[in-house]
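What follows is a set of notes on a single structure, which appears directly below.
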Amino acid sequence: MKKLFFYLSCVLSTIFIGCFPSKKATNTSSEVSLNWVDQNLQSSAQQYKVLMKQVHEGMMPETFVDGKLKTCEPSNWIAGFYPGNLIFLFETTGDSSFYKEALPKITLMEREQYNKGTHDLGFMMYCSYGNLNKISPEEKYKEILLNSARSLSTRFNPKVGCIRSWGNSNDTTEFKVIIDNMMNLELLMWAAKETGDNNFSHIAITHANTTMENHFRPDNSSYHVVIYNPKTGEVIKKVTAQGAANSSAWARGQSWGLYGYTMMYRETKDKKYLEQAHKIAEFILNNPHLPADKIPYWDYDAPGIPNAKRDASSAAIMASALIELSKYSNASLSKKYLNTASVILHSLSSPQYRAAYGKEGGFLLKHSVGNMNANADVDVPLPYADYYYLEALMRYKSILQ
Ligand code: GLY
Numbered sequence: 004m005k006k007l008f009f010y011l012s013c014v015l016s017t018i019f020i021g022c023f024p025s026k027k028a029t030n031t032s033s034e035v036s037l038n039w040v041d042q043n044l045q046s047s048a049q050q051y052k053v054l055m056k057q058v059h060e061g062m063m064p065e066t067f068v069d070g071k072l073k074t075c076e077p078s079n080w081i082a083g084f085y086p087g088n089l090i091f092l093f094e095t096t097g098d099s100s101f102y103k104e105a106l107p108k109i110t111l112m113e114r115e116q117y118n119k120g121t122h123d124l125g126f127m128m129y130c131s132y133g134n135l136n137k138i139s140p141e142e143k144y145k146e147i148l149l150n151s152a153r154s155l156s157t158r159f160n161p162k163v164g165c166i167r168s169w170g171n172s173n174d175t176t177e178f179k180v181i182i183d184n185m186m187n188l189e190l191l192m193w194a195a196k197e198t199g200d201n202n203f204s205h206i207a208i209t210h211a212n213t214t215m216e217n218h219f220r221p222d223n224s225s226y227h228v229v230i231y232n233p234k235t236g237e238v239i240k241k242v243t244a245q246g247a248a249n250s251s252a253w254a255r256g257q258s259w260g261l262y263g264y265t266m267m268y269r270e271t272k273d274k275k276y277l278e279q280a281h282k283i284a285e286f287i288l289n290n291p292h293l294p295a296d297k298i299p300y301w302d303y304d305a306p307g308i309p310n311a312k313r314d315a316s317s318a319a320i321m322a323s324a325l326i327e328l329s330k331y332s333n334a335s336l337s338k339k340y341l342n343t344a345s346v347i348l349h350s351l352s353s354p355q356y357r358a359a360y361g362k363e364g365g366f367l368l369k370h371s372v373g374n375m376n377a378n379a380d381v382d383v384p385l386p387y388a389d390y391y392y393l394e395a396l397m398r399y400k401s402i403l404q
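To convert a position in the sequence shown, counted from 1, into the working numbering, add 3.
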């Protein structure tokens, strides 16, 4: 009976939410109700069933362009987000078809636990196996996650005080660290708690401290890439790869930093990380180029503003981070962060950014920018935009309950 009721409510949500987004879903007021969050989670679940039907065995969805699903290998940095989304949807709806779809996809990533050629193992393994292990802990998953943390740790250079983001571990001339790397530290903090081996947390904390010292400008924006001398640890130069200019504030990078330092505060309770997160939030929220709907341009200094492309992924990451940061803030900041997250979630849930039921191949959000400079995945849906959108909705739900 329960199952039947659940099924009927999904069908009705599909009809009423998927086809005709509710008035509440389109308003930009800062009001978020439990009902509104639930409606968006339910319609997300229905939409992902469309995506699930198209993802062939052995591949992961990357985006949807020219009416076609584009897929990527399980070794791609974005591979963990699709199974992560399925786990979120299982968690929020209880519908086991998401869990059943997630398992073989996650298994495709098993061998990545030994991949020492990327810093993205945190994204890849913690968003997939990490979320799976949270809802159904198993020794096997733990071992895979621990091996992943071990592999990631091999990229740490004590002289630099960072994990190498890009490049070969044997490169003795350049050691590149990107702000995105903050996101991979959560896996190490988990591994430290799980094993009691402080080497994992030492690496994460040292990386966060070095990044705090060298990646940030006086206005609290961050460079995308800092290049170190791997032999001496000296900074060689500070540049961009995905931003508009070396001196610009690449939007997703600012969101990664905000999320990363908020997470490091949660894990360590070290006040300096909390202060850093507040400073980043201040830069973003006071930025004259942040539009009223709070969906950033792909770079806060992008050429052509106000006609530059928006990046929904940056907004989704920011919303999720601000909801968490609100929990560690005084009443007035907490209200400000939640209001901003709420405006973002309303914007992302409006027809401007949320794909209509059955459209965009079944992805949730339109209008993200993968890499503008490489002309790769520009103004398209992306699984990590969906991931942080779902996470933000679920985080908001948990503070409303
Ligand atoms: N490296 C992750 C990103 O493009 O944001």
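Where a beta carbon is used, it is the ideal one built from N, C-alpha and C, also for glycine.
For clarity, every value in this text was computed on a predicted model and none was experimentally measured.
Closest to residue i by C-alpha separation, out of the options, would be which residue?
i: G120; options: H205, S154, E141; result: S154
i: P291; options: K240, T157, P309, Q116; result: P309
i: F101; options: G133, Q50, R114; result: Q50
i: K56; options: G365, D380, N378; result: G365
i: K369; options: K297, A248, P384; result: P384
i: V242; options: L293, F178, K338; result: F178
i: S316; options: S337, G97, S371; result: S371
i: M375; options: H349, P306, A359, I320; result: P306
i: I283; options: L336, R269, D222, H210; result: D222
i: V35; options: A194, Y360, K338; result: K338
i: P161; options: K103, T209, D296; result: T209
i: E197; options: T235, R167, I147; result: I147
i: Y1; options: E94, Y399, N378; result: Only positions 4 to 404 of the chain appear in this structure, which leaves residue 1 out of reach.
i: R313; options: M215, A388, Y331; result: A388
i: M112; options: M63, F93, A377; result: M63
i: L336; options: I320, G373, E363, E285; result: E285
i: R167; options: V40, D123, S131; result: D123
i: S323; options: A82, G170, E104, Y392; result: Y392
i: N173; options: H349, R158, V163; result: R158
i: V53; options: K362, N378, I298, M397; result: K362
i: K274; options: N136, Y360, N212; result: N212
i: N136; options: M267, G170, E115, E94; result: E94
Can you tell me whether residue i is buried or exposed? The criterion is at least 16 other CB atoms within 10 Å of its CB, across all chains shown.
i: Y303; result: buried
i: K26; result: Model confidence at K26 stands at a pLDDT of 34, short of 50, so the residue's coordinates are unreliable and nothing is read from them.
i: Y117; result: exposed
i: I347; result: buried
i: E60; result: exposed
i: P233; result: buried
i: L403; result: exposed
i: L3; result: Given a span of 4 to 404 for the chain in the structure shown, any question on residue 3 remains unanswerable.
i: I287; result: buried
i: G97; result: exposed
i: S156; result: buried
i: N333; result: exposed
i: T176; result: exposed
i: P386; result: buried
i: E76; result: exposed
i: P24; result: The predicted position of P24 is uncertain, since its pLDDT is 35 and thus under 50; no value can be drawn from it.
i: A377; result: exposed
Using 8 Å for Cβ pairs, my map puts residue i next to residue j. What's the rounded Cβ distance?
i: F91; j: E327; result: Their Cβ separation, rounded to whole angstroms, is 15 Å, which puts F91 and E327 out of contact at 8 Å.
i: L325; j: A344; result: 4 Å
i: L367; j: A358; result: 6 Å
i: W80; j: M127; result: 6 Å
i: Y390; j: F84; result: 4 Å
i: N217; j: V229; result: 5 Å
i: Y129; j: L190; result: 4 Å
i: D380; j: T66; result: 5 Å
i: P86; j: S47; result: Contact flag wrong, Cβ pair sits at about 15 Å.
Starting from residue i, trace the beta strand (DSSP E) in both directions and tell me its first and last residue.
i: P233; result: Here P233 belongs to no beta strand (DSSP E), and DSSP marks it neither H nor E.
i: K406; result: It is not possible to answer for residue 406, since the shown part of the chain is limited to 4 through 404.
i: N374; result: 371-374
i: I181; result: 178-181
i: T66; result: 63-68
i: I239; result: 238-242
i: L44; result: No beta strand (DSSP E) holds L44; the alpha helix (DSSP H) holding it covers 37-57.
i: D380; result: 379-383
i: A72; result: In the sequence as displayed, the identity of residue 72 is Leu instead of Ala. Residues 71-75.
At what residues does the alpha helix (DSSP H) containing residue i begin and finish?
i: F101; result: 99-110
i: L288; result: 274-288
i: K196; result: 188-198
i: K338; result: 334-351
i: T409; result: Nothing can be reported for residue 409: it is not among the residues displayed for the chain, which extend from 4 to 404.
i: L328; result: 315-329
i: S139; result: Premise fails: S139 is in no alpha helix (DSSP H) and is neither H nor E.
i: P386; result: 386-403
i: S258; result: 254-271
Task: Given 8 Å, three or more beta-carbon pairs between the stretch 178-186 and the stretch 255-263 - done: yes
Open item on the list: Below 8 Å, how does it come out for the stretch 142-162 and the stretch 198-210: are there three or more Cβ pairs, yes or no?
Closed with: yes
TODO: Specify whether the stretch 243-258 and the stretch 290-303 touch according to this definition: at least 3 beta carbon pairs, one from each stretch, less than 8 Å apart.
DONE: yes
TODO: Report yes or no: do the stretch 163-183 and the stretch 139-150 share at least 3 C-beta pairs separated by less than 8 Å?
DONE: no
Open item on the list: Does the structure place the stretch 264-280 close enough to the stretch 235-249 that three or more beta carbon pairs sit under 8 Å?
Closed with: no
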